Amino acid sequence: MANHHDVVNFSSRNDPNYKSFRGALRRIVNGFRFSKTLENGTEKDLEMIQKWLGVTGPPEEDLVSHRSVRKAGTCEHLLQKPEFEESLQLRQERCAYWFFKDDDVQKRSLSNMLLSVAYQIAVEDGSFRRVLMDVVKSGMRVDKADAWTIWRNIFASRLSAISTVLYWVIDGLDESESSRAFIDLISNISTSQSNIRVLFFSRPLSTIDRSIQIARRRVNIADVALTDNLKDIRLVAADEMEYFLPSHEFQDFKHEIIEEITCRSQGNFLWASLILKKVVNCHRQDEVKQVLRVTPDGMDKLYDGMAEAIAKVVGEANTTLCKILLSWAIYSIRPIGIEELMEPYATELHTVIDLKHTISEICGQFVAINANNQVVLIHQTARQYLRACTRFPFSLDAYEVNEDLLFQCLTSFCDMSLRTKIRLRKTPMFVTYASVSWALHLNRSSVKSDRVLKILVQFLSGNFPLPWFQFLAINGHLSHLVAVSSHLMSFVRQHRKVDATKPRSPFRSPELALLEAWALDLLKMTAKFGSHMSDDPDAIYKYIPALSPENSVLYQKYASKSSSTISISGIKNTDWDDCLARVSNGSDSALYIAVSAEYLALANGQPNGRIRLWSNTIFQEHSGFNPGEPICSVSFSDSGSLLACYCLDNTYERPKSLKFAQDESFLIVATDFRRVYQLNLDNGTPTWLTYGPSLLLETSVPEGAFVNTPSSVDFNPDCTQLAIAYRNFPLAVWNIDPPEVIARCRQKETQGQTTNAAPWTGVNCVVWHPFGGQVIGINRDGNIFKWDPMDDSYEEMKQESDNTPSNIKCCPNGLVFATSDVRGSVRIYDYSQMVQVYKLTSALMVTNITFSPDSRRLYDLRGSWCNVWEPNCLIRINDTSIDSSEESESVASYEQKREIGWGWKLDDKSDSIISSPTSEVYADTKPPITAVANCAKNRNIFAHAAEDGTIEICDIESKRKLLITEFTFGMDIVHFALAQSGNYVAYCLLNGHVTVKSINLSSELEEISTQTVFAETRSISRGQIRQILFDSKSERLLVCGTERLQVLCVTDSSIAAEMEIDPVDLPAQWENHPTDPNILLGFTAGGINALSWDALEFRYTLSYNLSIDSSDDHPAPSSKLEALSQSYHPKMHLTTTSENTASGRRFRFLLLDTSVLYEDQTNSPSSDSISAVHIPLPIAKCIEQPVGILADGRLVFLDKALWVCTAQLWLPSARESGTTVTRHFFIPRDWLNSAGLALCKVQADGKFLYPSKGEMAVIRNSMRTDW
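Heads up: the sequence shown begins at 1 in full-length UniProt numbering, then just goes up one per residue.
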């Protein structure tokens, strides 16, 4: 006989073999299920949608679990009801489904239900999938949004796109966080969207009944009561009894028991199932009858009897185990597995022989082990009963139990070997739960508890947080730190309030200050370093502490640890700031801005207009546009696939508003002539439509008013209405088609106040709320107002005397809005309460502001710079994992949050933006660094020039600095150079005058000293200066202009040699010959020209001999040398060239083997060419900015994510496609702007130099030894 016992048996659901088998089976099933759906390349779209929604797929395990426990023949009477005749079609039609579960915080979430349903619809319906992809591309984030935001952004205006009949089957609505909110949402499905059918199941709660009655006014609802389910209970009872007594001799007894259970159940399945569990554990008929005799009818009495059983549990060990199991079953954030509990409760659980039977006995059958081997309550009503029960020999108080669970979670991290376990992938299973749940248990613990404060301080004082961060990064849960930060801040704030009420409060300032500091660090660390931690979870040990501000906990506790591989000097990085990045528009002022998920676009106000583009992720610059005429406005479509710019050469009208339709079918513009135009884009040829003159035509003008050029115009979200404001005429909202005035804004008088003034005021700026139907604006008095055109409600906020806002923008999620003023301040306000929550101050005037599509960032334009800000208030309001809800949230509490306003998710216990004091920050205004030079022979010396005309020389080791020169009027330093030994510095000004100074670097001097050698005062015809260079002996200075090349004597500034430059010659980058001090080398896009230093006489030319594997043998005619990277390798150089292509300018990296320059030749090398190869494509694709070449042949470069990387390129074998890239450390995005990328330098010993906010940072690292 064959033995099949081990064929499909697994030790547990966590058995790796079981997981592999289940995954393989799921892939096979999905392959059949979605084979038609995934045709035509839509699999990639579904992957993007799934990642964007943050879902793992349909809740298949729940579906399989429910099907497995369903008894054949049950529920048939339900399907036979007339109301279900049409619904029977769902057996053939497509459906999306969800099972609410009260014992799982994730599965009772309304947001998670909507996200899952959205994904399932996208799988089933191609039309909806395409519409959803447009939302994905827009950059809007919904994975952590609240239910109402998800509904608005995914479903509200897009359900009509569903092309086939689709059923939503929702089970357990009474177990959701808010049944009323669910019914409110689905009742918004209009009757015209007839392809949607919703079938939901629930207990008949009064709150649900009331919600259904209200919803009937908007949508057809048929409710079916389960008036007779005794037949189903009888079938279940018969099935259980058949297993219990399979013998035929007990037929009469079985029938008697089945009928008694069925009759006494009164249609309550839960009561019947509990009695059946007791019956099947009996061994004699008398015991069965005894169970039925002592068991009361009704759930309340039954629960009382079960509680009495717990009170009679014998033995301290059993009582302790009972409390542990009940605590986790009632208060765990999600159902917790037995294997997980085995780790923190090894003593209590490992000695139990039959755990499943023991749990049922000592917990009075309140607790069960489900199919996933998790500890759960038998029903959600049991949770309500147990929390109120006082019959037990122990307390189940919510505060006390959550405190115990918090203690267990944090204790699991206080393991000195946890980092090793994580590295070896032997992380305890309980850590998975603890890592994302402890902060929620903290939020549900008492703020008065000294034990809670003690365990928090113990956890956060040691090295324990770092393995936690690492584990979160490995598992993709770093965003959870935002919620933890909020919970810590809430705890600190409330603890201080409690201490303030005590007459003799203990001194807790150090402990609370520690928690407060950590709360700030968690928030900022996630925003600034989150993407890098996801790339390399070990970064939390190696780089992040050193990159954190000096006053942060991260820096103070961990920057000096042996695990930290870098150290930073040269900059004042004292405290966290809110700046994420900054980009420069060059010499042109940045006046107009548009932001999409992928790109940041800036436009200048010059006659020859230009639009520059940057990545909105890593902020590197891309090819822009040159319309060639003045630009007055730019705007992205919602998906970011279209960019519109309004130019002036062919029109006299200036735009007041420029907006794409939500479906990108048209572009609409309103001008200062009060005309509206529409460009239709939904056909092959775009066509313009001009709306008639009756639109915006005012036929009657009140006394004292006159209609002139509008001060502001804004279209509503669906472009069917527009709000138009004047400085001397009432604000009005117009319908576009047909043209008619919908409402005019009238200023409300204060009660008891009489005035002869006009009942309106002029408005300077107005914008629509994204979905509230309201407008907000700035009136002529400088006050901010909110007005609803439908009900004419008006609210105004008086401004301070020093605050006169000039611009206003509302964020896409509608929670906040921002204003800017000419004084340089930007303020953020809570929309619902109209209170200020954030202020940013700078000396530079703000010309424009806007929000990112995901509402997490604020952009402002100041001069030629665009600053990207990510303040705490925007981070927190966009992360709804900050939730303080207690267990199953009641409808009342849910609705109360809604009534607060759009920011209802942030109540008092979760760091409400309403209750928090306004945070105020000051922007750094130091002049940016424009040039950097280091010494070839002195690795400790470098110098840098700033935009204000200052030059500073620095000694890395002694940390000595000297300001070499500064100009009263901030004259620009165009170029400057250091001599190879660091004993001279030369610079030229914008007027072309050259100055040379000597430098005394003697270690005997406390300070570096300089002396002017010469300074030109008369104009010299060289053209625009391109480069200056000292020779290897610091005796001569090369000055390269666009018209003339000159060699000056350093001692007296006399001209030793000069030559005219032919305009047709390719621009060159000049370097000293590596071995011959009398030769000057000019690198171009096509080769190297050698000249003599003495007379600038031509010696020889070396052309580039590209290798056979290169894509082309000769540079294109449009090729241009962009940069020559610094090289410490004696025989290797790297050039960056660019050439014009049909798709824009393309950059290439060319590696030059300059060995031929070392040949012992009197006049010229033996060859007329040098070997050149393009960098292997896999490496070239990684390079964002080449920095230099080390002496061992490794290229140092910054990659797209601003990691400092190296790749070995000297060895021939290393130039193949298999060359590996080594990441050493990264540069924070806000430290390095787009202009500063080209200024990064690497010293011979691997020290990395880069400009940051007007200072030069020096990073000491292990690059020389890392491979």
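Idealized CB from N, CA, C, for every residue including glycine.
Remember, it's a predicted structure, so these values are computed and weren't measured experimentally.
| Asked | Found |
| --- | --- |
| Mapping DSSP to helix, strand and coil, what is Asn735? | strand |
| With DSSP as the reference, identify every bridge partner of Ile474, one or two as the case may be. | Bridge partners of Ile474: none, in fact. |
| Inspect the CB distances between the segment 582-591 and the segment 555-565 and report whether three or more fall short of 8 Å. | no |
| Does the contact criterion of 3 or more C-beta pairs under 8 Å hold for the segment 409-424 versus the segment 382-399? | no |
| Would you tell me roughly how many angstroms separate the C-alpha atoms of Lys231 and Thr74, rounded to the nearest one? | 8 Å |
| Can you tell me which of Ser461, Leu466, His357 and Arg493 puts its alpha carbon nearest to the alpha carbon of Leu514? | Ser461 |
| Taking the alpha-carbon of Ile353 as reference, which of Ile336, Asn370, Trp518 and Asn318 has the nearest alpha-carbon? | Asn318 |
| For Ile1055, count neighbouring C-beta atoms within 10 Å of its own C-beta (all shown protein chains included) and say buried if the count is 16 or more, exposed if not. | exposed |
| Only counting the same chain, and skipping five residues up and downstream in sequence, which positions put a Cβ closer than 7 Å to that of Ile973? | Thr930, Ala931, Ala945, Gly949, Ile951, Tyr987 and Leu989 |
| Could you give the DSSP three-state label for Thr37: helix, strand or coil? | At Thr37, the pLDDT of 44 sits below 50, so the modelled position is not reliable; the number obtained from the coordinates is stated separately. Thr37 falls in the coil class under three-state DSSP. |
| Considering only residues of the same chain and omitting the five flanking positions on each side of Val766, which have a CB-CB separation below 7 Å? | Ser712, Asp714, Ala723, Ala725, Leu731, Val775 and Gly777 |
| If I'm right that Ser202 touches Ile208 with Cβ under 8 Å, what's the distance once you round it to whole angstroms? | 6 Å |
| Return the residue from the list His1073, Val1013, Glu1043 and Cys1182 that minimises the CA-CA distance to Gln980. | His1073 |
| How long is the line joining the alpha carbons of Arg216 and Gln80, rounded to whole angstroms? | 24 Å |
| Roughly how many angstroms lie between the CA atoms of Leu405 and Ser211, to the nearest whole one? | 36 Å |
| With a floor of 3 residues, list each beta strand (DSSP E) that falls wholly inside the segment 764-800, ordered by position along the chain. | 775-779, 784-787 and 794-797 |
| Please report how far the alpha carbon of Pro549 lies from the alpha carbon of Lys44, in whole angstroms. | 41 Å |
| For Phe715, which of helix, strand or coil comes out of DSSP? | strand |
| Helix, strand or coil: how does DSSP classify Met1132 here? | strand |
| Quick one, which of Ala1068, Val314, Lys659 and Arg862 has its alpha-carbon nearest Arg1044's? | Ala1068 |
| Provide the residue span of the beta strand (DSSP E) that contains Trp1203, from first to last. | Trp1203 to Gln1208 |
| Buried or exposed: Glu175, going by 16 or more other Cβ atoms within 10 Å of its Cβ? | buried |
| Is Val117 near Trp52, with beta carbons less than 8 Å apart? | no |
| Does any CB atom of chain D fall closer than 8 Å to the CB of Glu664? | Among the chains of the structure shown, chain D does not appear; only one protein chain is present. |
| Just the C-alpha distance for Phe464 and Ala483, rounded to the nearest angstrom, thanks. | 19 Å |
| Under 8 Å by Cβ, that's how I've got Cys363 and Cys322 pegged, so tell me the actual separation to the nearest angstrom. | 6 Å |
| For the segment 988-1037, which segments carrying the beta strand (DSSP E) assignment without a break, of at least 3 residues, lie completely within its bounds, in sequence order? | 994-1000, 1009-1015 and 1025-1030 |
| Starting from Leu173, trace the alpha helix (DSSP H) both ways and give me its first and last residue. | Premise fails: Leu173 is in no alpha helix (DSSP H) and is neither H nor E. |
| Going by Cα to Cα distance, which pick from Leu1198, Glu1184 and Met1256 is closest to Glu621? | Glu1184 |
| Cα separation between Leu440 and Thr432? | 14 Å |
| Output the distance between the C-alpha atoms of Tyr831 and Val816, rounded to the nearest integer angstrom. | 5 Å |
| Closer than 6 Å by C-beta to Ser1252: which residues in its own chain qualify, once you throw out the five before and the five after it? Chain order, please. | Ile571 and Trp1231 |
| List the endpoints of the continuous alpha helix (DSSP H) containing Val69. | Glu60 to Val69 |
| Between Pro335 and Val288, which are expected to be in contact by the criterion C-beta below 8 Å, what is the C-beta distance as a whole number of angstroms? | At roughly 31 Å, the Cβ-Cβ gap does not stay under 8 Å, so Pro335 and Val288 are not in contact. |
| What three-state label does DSSP hand Ala1095 in the structure shown? | coil |
| Is the separation between the beta-carbon of Val169 and that of Leu199 shorter than 8 Å? | yes |
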